[in-house]
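For what it's worth, the working numbering labels the leading residue of the sequence shown as 21, then goes sequentially.
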Amino acid sequence: MPYFHHFDDGAGNREPPMKRYETFADQIAELIREGVLAPGERVPSVRQASRQYGISHSTVFQAYYLLEDRGLIVARSRSGYYVREQARRVLHEPRMTPSRQESADVAVSELVFSVLDSLQDPDTVPFGSAFPSPELFPLARLARSMARGLREMNDNEVLRDMTAGDADLRRQIVLRYTLKGMPLPPEELVITSGAMEALNLGLQCVTEPGDLVAIESPAFYASLQILERLKLRAVEIPVHPREGVDLDVLADSLARLPIKACWFMSHLQNPLGASLDDDRKRALYALIKRHRVPLIEDDAYAELHFGTTPPKPVKQFDDEGLVIHCGSFSKSLAPGYRVGWVAAGRFAEAISRLKLMTTISPSVPAQAAIADYLQYGGYDRHLRRLRHALETQQGRMLTAAAQHFPAETRATRPAGGYFLWFELPERVDSLRLFHLAREHGISLAPGPIFSATQGFRHCLRLSYGHPWTPRSEAAMATLGELIDTF
Ligand SMILES: Cc1ncc(COP(=O)(O)O)c(C=O)c1O
């Protein structure tokens, strides 16, 4: 199949460029995110913006309606548009937890399973969910890609490509790395059953039972479960809610302890949403290179950035093949297809062999469907819509939290993804809150499931991955009332 057709929708139409008002809205959103336009400050008047940016009045209006919808600005009658004050003013950034600097056995699985269990009930308000709403994904279009992918499937090629993965899909993924300015040797790439398999195989490949692994604190709970299953010990490195993992603590831990692997998210960390900037990513790479410790980089949220420039992972600096970069389509395109990948550097061969010994291959039709969609389906257009929807929903949830949660509540405001992390007053026990909320038909992810040592008792993660409805608003009010009972 041709290599460069991925902007085509299959009917021969090129993907339309982003509309002018969307581009302008993104520029203003970026200024707000960076604090250049502060909360409460007036955004440029329609006339000013029109003159300055060379766009029509109606384009500026359309952009401001969009930003209003995303919860970033508010209109004041006869005075213009202002950066929304409420969320920022009331909800300060969470504090960073102090470092413990010891290693710990991990035992969180039971707790995690009980939280995941709470998500099974379809009538529950899914604030605890790990996936965005299926409504936000182009599932009908994907089904068409599945049909076409199957029609064009060559059974001999299927058998030949089974372990490395569908050849078209691999080309499309390599192309996406290349377009980001990160050329990737195709032999490094292994298709997996979601990022989960990539992460499992990556960790298994570079550790043995009893080894120490540096992880984030708080960390994605599945990473803790994987450590538990592989009998690895966790060294918890604190994460700043905006700037990401604390590199001073990491440097100290790497110097003092025989750490065999690091497992970090450099972008939109789950659960905090923190991202390292490029300087810090470079510094992180320099550290692991100096200590010759592989980095398992979980980049499951790579495509969910709100800013206009796609961030690049630590992998961009990897000149020695030390970074095992794990990606997925689960959060950005097709949750149920279970297709992810790993760009595994020097470990690609070993990971391929481990995969051959365990699952052999993700489902071939699912891979063919995604390959076809990436070529013809308009993935980038879908991603822009998805990001806008998520940003709008974030604004709604922050505004609701500012209104309904106690004044001392602190919250993150990530530049992407679909999670907010809340630090509640110390008296609140988020595990008890989890049970109370469940009785009221609301799920949430309590802080202790994100910690090897069951910390973060007064914290919780809420998902804004579902379209905001009056029911979501009411659920936030109920959560606020439940929090007040502590
Ligand atoms: C941070 C993070 N990494 C990896 C995964 C697993 O992704 P996948 O569904 O592709 O296996 C998830 C899913 O919840 C996640 O949140």
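A virtual CB, placed ideally from N, CA and C, is assigned to each residue, including glycine.
TODO: Using a threshold of 7 Å, state whether the C-beta atoms of residue 462 and residue 80 are closer than that.
DONE: No, the pair does not count as a contact, with Cβ atoms beyond the cut-off.
Task: Extent of the continuous alpha helix (DSSP H) run through residue 127 - done: It is not in any alpha helix (DSSP H) - residue 127 carries neither H nor E in the DSSP assignment.
Task: Residues surrounding ligand 1 [beta-carbon distance to nearest heavy atom under 5 Å] - done: For ligand 1, the selected residues are 150, 214, 215, 216, 240, 290, 318, 320, 348, 350 and 360.
TODO: Classify residue 461 as helix, strand or coil using the three-state DSSP reduction.
DONE: If DSSP states are grouped into helix, strand and coil, residue 461 belongs with coil.
- [ ] Please report the residue range of the alpha helix (DSSP H) in which residue 101 lies.
- [x] Bounds of any alpha helix (DSSP H) do not take in residue 101; it lies within the beta strand (DSSP E) bounded by 100-103.
- [ ] Would you kindly work out how many angstroms separate the C-alpha atoms of residue 499 and residue 56, rounded to a whole number?
- [x] Here the alpha carbon of residue 499 sits roughly 33 Å from the alpha carbon of residue 56.
Task: Among 41, 383, 460 and 471, nearest to residue 214 - alpha-carbon criterion - done: Cα-wise, what sits closest to residue 214 is 383.
TODO: Going by DSSP, name the residue or residues bridged to residue 279.
DONE: In DSSP, residue 279 forms a bridge with 232.
- [ ] Can you grab the Cα-Cα spacing for the pair residue 430 / residue 442, in whole Å?
- [x] Cα to Cα, residue 430 sits roughly 6 Å from residue 442.
Task: When 286, 502, 252 and 220 are compared against residue 278, the one with the closest alpha-carbon - done: Residue 252 is the option with its Cα nearest to residue 278.
TODO: Please classify residue 238: does DSSP put it in a helix, a strand, or coil?
DONE: The answer is coil: DSSP assigns residue 238 none of H, G, I, E or B.
Task: Three-pair Cβ contact test at 8 Å for the stretch 174-182 versus the stretch 305-315 - done: Two segments are said to touch when three or more pairs of C-beta atoms, one from each, lie closer than 8 Å; by this definition the stretch 174-182 does not touch the stretch 305-315.
Open item on the list: Just to confirm before moving on: does the CB-CB distance between residue 126 and residue 248 stay below 7 Å?
Closed with: Yes, the Cβ-Cβ distance between residue 126 and residue 248 is below 7 Å.
- [ ] May I ask you to report which of helix, strand or coil DSSP gives residue 300?
- [x] Note: residue 300 maps to helix in three-state DSSP.
Task: When 417, 128, 392 and 66 are compared against residue 98, the one with the closest alpha-carbon - done: Comparing Cα-Cα distances from residue 98 to each of 417, 128, 392 and 66, the minimum goes to 66.
Task: C-beta atoms of residue 480 and residue 468 nearer than 7 Å - done: No, these two residues do not count as a Cβ contact at 7 Å.
Task: According to DSSP, residues forming a beta bridge with residue 483 - done: Paired residue(s): 439.
- [ ] Answer yes or no: do residue 324 and residue 437 have a C-beta to C-beta separation smaller than 7 Å?
- [x] Cβ distance < 7 Å, so residue 324 and residue 437 count as in contact.
TODO: In angstroms with no decimal places, state the Cα-to-Cα distance between residue 114 and residue 475.
DONE: If you take the alpha carbons of residue 114 and residue 475, they lie about 14 Å apart.
TODO: Verify whether the separation of the beta carbon atoms of residue 327 and residue 61 is less than 7 Å.
DONE: For the 7 Å CB-CB criterion, residue 327 and residue 61 do not form a contact.
TODO: Whole angstroms is fine: what's the gap from residue 211's alpha carbon to residue 381's?
DONE: The C-alpha of residue 381 is placed about 8 Å away from the C-alpha of residue 211.
Open item on the list: Just verifying my parser: in three-state terms, what is the DSSP assignment at residue 206?
Closed with: The answer is helix: DSSP assigns residue 206 an H, G or I state.
Task: Distance, residue 289 Cα to residue 260 Cα - done: The straight-line gap from Cα to Cα measures roughly 10 Å.
Task: Residue burial classification, residue 275 (beta-carbon count within 10 angstroms, cutoff 16) - done: By the neighbour-count rule (16 or more Cβ atoms within 10 Å), residue 275 is not buried but exposed.
Task: Nearest candidate by alpha-carbon position, reference residue 155, set 356, 129 and 363 - done: For the residues 356, 129 and 363, the minimum Cα distance to residue 155 belongs to 356.
Open item on the list: Is it buried or exposed, residue 166, if we count other Cβ atoms within 10 angstroms and call 16 or more buried?
Closed with: That one is buried.
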